[in-house]
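**Q**
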Amino acid sequence: MKLYFAPRTRATRARWLLEELEVPYELVKLDLARQENTTPAYLAVHPLGELPALVDGDVTLLESLAICLHLADRFPEKHLAPPMGSAERGPYYQWMVFAEVSLDPVVMEFYASTRSNEELAKHRARLTAVLDFITAGLGDREFLVGEAFTAADVVMASILHLANTLKLLDGHPRLVEYVKRHTQRPAVRKAVSG
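The opening position of the sequence shown corresponds to residue 697 in the working numbering, with each subsequent residue numbered one higher.
1) Indicate the three-state DSSP secondary structure (helix, strand or coil) for lysine 876 in the structure shown.
2) Quick one, which of Ser854, Trp791, His868 has its alpha-carbon nearest glutamine 880's?
3) On a Cα-Cα basis, can you pick out the residue from Asp754, Gly745, Leu747, Met792 that is closest to alanine 768?
4) Taking 8 Å as the threshold, find out whether the region 857-875 comes into contact with the region 831-841 through three or more Cβ pairs.
5) Is threonine 705 closer than 7 Å to leucine 776 when the C-beta atoms are compared?
6) Is it a yes or a no for the region 779-793 touching the region 723-742, going by three-plus beta-carbon pairs under 8 Å?
7) Could you tell me if serine 760 is buried or exposed, where buried requires 16 or more neighbouring beta carbons within 10 angstroms of its beta carbon?
8) Which of the three DSSP states, helix, strand or coil, is assigned to glutamate 838?
9) Indicate whether glutamate 716 and alanine 883 have their beta-carbon atoms separated by less than 7 Å.
10) Do methionine 639 and aspartate 752 have their C-beta atoms closer together than 7 Å?
11) At the level of alpha carbons, what is the spacing between glycine 786 and glutamate 796?
12) In chain order, what are the residue ranges of uninterrupted alpha helix (DSSP H) at least 4 long that sit wholly in the region 708-793?
13) Have a look at Leu714, Tyr807, Ala821, Pro703 and flag the residue whose alpha-carbon is nearest the alpha-carbon of isoleucine 763.
14) Report all residues from its chain with a CB closer than 6 Å to the CB of threonine 756; omit the five preceding and five following residues, and keep chain order.
15) Can you have a look at arginine 709 and say buried or exposed, based on whether 16 or more other CB atoms are within 10 angstroms of its CB?
16) Suppose contacts are defined by Cβ-Cβ distances below 7 Å. Is histidine 742 in contact with leucine 758 by that definition?
17) Which of the three DSSP states, helix, strand or coil, is assigned to lysine 818?
18) Output needed for valine 851: all residues of its chain with C-beta closer than 8 Å, excluding positions within five of it in sequence on either side, in chain order.
19) Does leucine 699 come out as helix, strand or coil in the three-state DSSP assignment?
Encoded structure:
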């Protein structure tokens, strides 16, 4: 397997999951400042020049969520996804997609915002509703699904980490605790190192 990677991109999620899986992979680092993601060689892998990209044999995946779903299923013995057909599989899918489709866009509004205070107030209300939903879904558990860490925790914690960095988790101490616990995992340290 080969992961195309640059720090502080969604490729970090895929690298984190690869480190959790403890499987061999080649890391191809791209320097975005030097526009290495726009070279003909990389555009042959990802025609839009975005990150991440994972090449796994004859399969090339270009979205971090798809990569995480694929990797967790590819190595079922690592138990980073609930078994197919289990009662936890549906909630696992829900949290994976919810993190990417409902949480990530509203956090990104604050990350790269050029919006007015009035527009941000609308986004703040949406963010609060999304964070309240996650808090309720998490309850008093350490993990989103069942009694074990899964790829859903990788995706959710990575987005919530950005939200916490942006000071968007004020008033949600349970989520701050969740982020801190999961971002202190050894695999995260490996994923964000050099």
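Note that CB positions come from ideal geometry on N, CA and C, so glycine has one too. Fair warning: this is a prediction, and the values are worked out from it, not measured in the lab.
**A** Walking through what the data contain:
1) Looking up residue 876 in the sequence shown gives position 180. DSSP places lysine 876 in helix when its eight states are reduced to three.
2) Sequence index remark: in the sequence shown, residue 880 carries index 184 (1-based). That would be Ser854, whose Cα lies nearest to the Cα of glutamine 880.
3) The residue you call residue 768 lines up with position 72 of the sequence shown. The option with the nearest alpha carbon to alanine 768 is Met792.
4) Cβ pair count under 8 Å is three or more, so yes.
5) Mapped onto the sequence shown, residue 776 falls at position 80. Mapped onto the sequence shown, residue 705 falls at position 9. No. Outside cutoff.
6) Too few Cβ pairs lie closer than 8 Å, so no.
7) Against the sequence shown, residue 760 aligns to sequence position 64. Here serine 760 is buried: its Cβ has 16 or more other Cβ atoms, across all protein chains shown, within 10 Å.
8) The sequence position of residue 838 within the sequence shown is 142, counting from 1. Assigned with DSSP and collapsed to three states, glutamate 838 falls in coil, not helix or strand.
9) As a working note, residue 716 is residue 20 in the sequence shown. As a working note, residue 883 is residue 187 in the sequence shown. In contact: glutamate 716 and alanine 883 (Cβ atoms closer than 7 Å).
10) Absent from the structure is residue 639, since the part of the chain shown begins at 697 and ends at 890.
11) What you label residue 786 is simply residue 90 of the sequence shown in a count that begins at 1. What you label residue 796 is simply residue 100 of the sequence shown in a count that begins at 1. Cα-Cα distance, rounded: 16 Å.
12) 736-741, 760-770
13) Within the sequence shown, numbered from 1, the residue matching residue 763 stands at position 67. Ranking the options by Cα distance to isoleucine 763, first place goes to Leu714.
14) By 1-based counting over the sequence shown, the position of residue 756 is 60. If we look at threonine 756 and ignore the five residues flanking it on each side, it has no Cβ neighbours.
15) In the sequence shown, the residue the question calls residue 709 occupies position 13. Result: buried.
16) What you label residue 742 is simply residue 46 of the sequence shown in a count that begins at 1. What you label residue 758 is simply residue 62 of the sequence shown in a count that begins at 1. The answer is yes: Cβ separation under 7 Å.
17) Translated into positions along the sequence shown, residue 818 becomes position 122. It is helical.
18) Indexing the sequence shown from 1 puts residue 851 at position 155. Around valine 851: Arg709, Ser760, Leu761, Cys764, Trp791, Met792, Ala795, Glu796.
19) For the purposes of this step, residue 699 is taken as the residue at position 3 of the sequence shown. The three-state reading of DSSP puts leucine 699 in strand, counting E and B together.
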